[in-house]
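K.L.:
Each protein sequence line maps, in turn, to chains A and B.
The first sequence begins at 949 in my numbering and counts up by one.
The second sequence begins at 8 in my numbering and counts up by one.
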Amino acid sequence: MLITLCVNGTDYQCEVAALEKLSHFLRETLGLTGLKEGCGEGECGACTVLIEDQPVNSCLVLAFQVHGKRITTIEGLENPDGSLSGLQQAFVNHGAIQCGYCTPGMVMSCEGLLRKNPDCSEVEIRHALAGNLCRCTGFVSIVAAVKASTTLTVAAAAAAE
Amino acid sequence: MMGRVQAAAPRTIPEISALVGGFNGRIAYIAGGTDLIIALDHETPPEVIVDISQIADLAGIDVYPTHILIGAATTLAALAEHPVLRDRLPVLTQAAGQVGSVQIRNRATLGGNIASAVPAGDLLPALKCLDARINVLTRAGAGTASEFDDIVTGMGETSLSNGDLITGICIPLARGKTWLSAFAKLGRRTTLSIARLNLAAVADYDRPQNRLRELRVVAGAIGPVPVRLHALERRLRARIVDQSFGEDFLHALTAAVDAAIPGRCSHAYKRRAVVGLGLDLLRGLLGRDFELAAAVSVMP
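1. Taking Cβ positions only, does N1005 of chain A come closer than 9 Å to chain B?
2. Pull up the CB-CB distance for L239 of chain B and I176 of chain B, whole angstroms please, since I reckon it's below 8 Å.
3. With a threshold of 8 Å on Cβ separation, who are the neighbours of T174 of chain B within its own chain once the five nearest residues in sequence on each side are excluded?
4. Could you say which of B:G230, B:V232, B:F190 and B:R246 lies nearest to R214 of chain B if we only look at CA atoms?
5. Taking the beta carbon of D69 of chain B as the centre, do at least 16 other beta carbons fall within 10 Å, making it buried, or is it exposed?
6. I121 of chain B lies in the alpha helix (DSSP H); which residues open and close that run?
7. Less than 7 Å between C-beta atoms, sequence neighbours within five positions excluded: which residues of the same chain meet that for R114 of chain B?
8. Below 7 Å between beta carbons is the criterion; list the residues of the segment 1003-1028 of chain A that meet it against any residue of chain B, in chain order.
9. Can you give me the C-alpha to C-alpha distance between V232 of chain B and P17 of chain B, rounded to a whole angstrom?
10. Consider the Cβ of A965 of chain A: report whether some Cβ of chain C lies at a distance smaller than 9 Å.
11. Using the C-alpha atoms, what's the distance from G28 of chain B back to Q13 of chain B?
12. If we cut at 9 Å on Cβ distances, does I56 of chain B have a partner in chain A?
13. Can you name, in chain order, every residue of its own chain whose Cβ lies under 8 Å from the Cβ of T1098 of chain A, other than the five neighbours on each side?
14. Just to check my reading of the structure: L1049 of chain A and A1105 of chain A have Cβ atoms closer than 8 Å, yes? What is that Cβ distance to the nearest angstrom?
15. Consult DSSP for P1003 of chain A and reduce its assignment to one of helix, strand or coil.
16. Quick check on DSSP: helix, strand or coil for G1041 of chain A?
17. Using 8 Å for Cβ pairs, my map puts I1019 of chain A next to L950 of chain A. What's the rounded Cβ distance?
18. Do we get a CB-CB distance below 9 Å when we pair S199 of chain B with the residues of chain A?
19. Per DSSP, what are the beta-bridge partners of A208 of chain B in this structure?
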C-alpha cells in the first residue's frame, strides 16, 4: 500500500507491505536506526516514537496505519544547527545515558511528556515513563534530566544566570 | 507470506461495509493493534487487514442525559482523560488508565479490549458492571446492539463472526441517583502488567442514611469471563456502611474467589490478595478505609 507521511519534518511517499511494522519501516526504509526493537511486544519502550506528539510503541503500529500522520523520532529532536535539544543535553548533563540502548525511546517518551505537560512533577514523570525500561540508570538520573527540562526549572536557571 | 495480505484503510463506516460485505476470506480489523499485532506474529495472517483507527465516526465520546456513547476506536488514553467520564464513570476511567503504559494507552482502544476478551482484560469488569451495550456492525452491514454477556462469551472468545465489527459502546446513566463507582487492579508490577485480579463496582449510595441502595460488583481474572458477584451483592445490599460492612465485604470477596477457582494453583494466593484489593476498591468507592485485621484473622 502506498502511504504518505511526514517524518521529522520531511514528507515521504513509500510503498509498505500490509503487515510491516512502523518500527521496521522507520529503521529499514528510512534509515532512522535510533529507535531499537527491544522486545517487539510493547513491553520495553525502546522503540518509542511520537505520532502527532503522542508517544507510542512503534513495534505495535503497522506502517500503513500512519498514512497522513506526523511522526517524530529521536533523530528529529536536534536543533536546526545540529546541536542537541535542551532535553537531550539535560540527559547528557545528568548522566542519564549509560549503555544507551533505552535512550532513544526514553528520550522520546520524555519529549512527549514535556510537550503535553511542560511543568510535570516527579510523580508525573515516573508515571509517564512506566512504559520505558532502563536496566542501567535506575531511572534516577533520567528523572533528574526531565525535571531540569521543565519550563519552570529552565526559566529559574536562566533567571539565576 | 506478508505480500499476500491486503491492507485497506476505509475512511467512513459505509466504506467498511462496501469493502467487507462481499468478501469471504478472513478479515482482521486493526485499531490500536496492541493485542492484534502480537497475535499476528504467531498466527496465520488474515487475507485482508482493515485499519479502522482513522475513521472519525468510530472514535469519540458523546454524553446524553440518559446514556453515554463511546466509539469503539476511542483510545484508552482519551477515555482515561475525559472530564465527564472521570466525574460520572470513574470505574471506566480508572480501568482505562491502568492498562499498560502511556504508549499502549495512546493506541489501545475500548473496542479492541472487548474483542480480545481476555480473562484479565481491565475494561471488561467495568463494562459489565455498568450494564454496557455493545453495538456491532455485521459483515452484511446490519447494526445490532447486544448485552455484554452476549458478546464476551469465553476466554479469548466473542460471539462475533468473521467481518463483524464492534462500532460503539452505550452506557446507560441512572438519573437522579448518586452512583458511585470504582475500579481496582492487582498486577505483578504497578504498571505495564496484566491483572492478576481486578474488581469493578458501582453503587447507588444513600448518603444521608449511609446505606447502599444498590450494589454491583464484578471480578476479573477469576474465570474465563468477568464474574458478577451476586452472593456478595445480596449480602451487602441495603446495609449501613460501617466497619462490619467492610469486614463482610472482604469475607464475601474471599468466598467469591473460593467459589470461582477452587483447585487452581493461583487459588491460595488470590483468595488472600483479593482482600487487599477489596480494601482498595472500597476506598475508591466510598472514600473511606476499613480495618483489615479483623477480616484477615479469620482466614486459614
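Don't be surprised by glycine CBs; every beta carbon is placed ideally from N, CA and C.
P.N.:
In brief:
1. yes
2. Going by Cβ atoms, the distance from L239 of chain B to I176 of chain B rounds to 25 Å, so no, they are not a contact pair.
3. I20, L65, G78, A79, G118, N142, V143, L144 and G150
4. B:R246
5. Counting of Cβ neighbours within 10 angstroms places D69 of chain B among the exposed residues, the total staying below 16.
6. L117 to S123
7. G39, G40, T41 and T82
8. Identification of residues in the segment 1003-1028 of chain A having a C-beta nearer than 7 Å to some C-beta of chain B yields P1003, V1004, N1005, L1008, V1009, L1010, F1012, Q1013 and H1015, given in sequence order.
9. 32 Å
10. Among the protein chains in the structure shown, which are A and B, there is no chain C.
11. 16 Å
12. yes
13. L1062, P1066, D1067 and C1068
14. It is Tyr, not Leu, that sits at residue 1049 of chain A in the sequence shown. Actually they do not touch by this definition, with Cβ atoms about 29 Å apart.
15. The three-state reading of DSSP puts P1003 of chain A in strand, counting E and B together.
16. For the sequence presented, residue 1041 of chain A should be read as Asn rather than Gly. Looking at N1041 of chain A - three-state DSSP - the assignment turns out to be helix.
17. Wrong, their Cβ atoms sit about 17 Å apart, outside the cutoff.
18. In the sequence as displayed, the identity of residue 199 of chain B is Leu instead of Ser. Judged by the 9 Å Cβ criterion, L199 of chain B is in contact with chain A.
19. B:A189 and B:V224
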